[in-house]
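Novice: I have a structure here, written as structure tokens, and I will follow up with some questions on it.
Numbering (full-length UniProt numbering), first residue to last: 1 to 75.
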């Protein structure tokens, strides 16, 4: 199974018309965001807010995490 097959099936199911390079870019961006998200929720001091489904932590934990993970500031 190759990228073209996966892209074609994705486009059919979601009624999209992504070109191969667009699909790969979206896939890799999603993979990166998922990795960042897992880093957050697996870090000591973070919890999942059941209403918003967003990771939460006290300010001290956030500050410490952001020092070593600059990408986390966007959350």
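By construction, the Cβ of each residue, glycine as well, lies at the ideal position given by its N, Cα and C atoms.
Considering just the uninterrupted stretch of the alpha helix (DSSP H) at residue 57, what are its terminal residues?
Specialist: Taken as a continuous stretch (DSSP letters only), residue 57 belongs to no alpha helix (DSSP H), as it is neither H nor E.
Novice: Spell out the partners DSSP gives residue 48 in its beta bridges.
Specialist: 55.
Novice: Please state if the CB of residue 20 and the CB of residue 4 are separated by a distance shorter than 8 Å.
Specialist: In this structure, residue 20 lies closer than 8 Å to residue 4 by Cβ.
Novice: Tell me the rounded alpha-carbon separation between residue 63 and residue 12.
Specialist: Each residue's Cα considered, the two are about 43 Å apart.
Novice: Taking just the CA atoms, how far does residue 17 sit from residue 65?
Specialist: Straight-line Cα distance between these residues: approximately 38 Å.
Novice: How should residue 7 be labelled, buried or exposed, when 16 other C-beta atoms within 10 angstroms of its C-beta is the threshold for buried?
Specialist: Classification of residue 7: buried, given that the 10 Å Cβ count is 16 or more.
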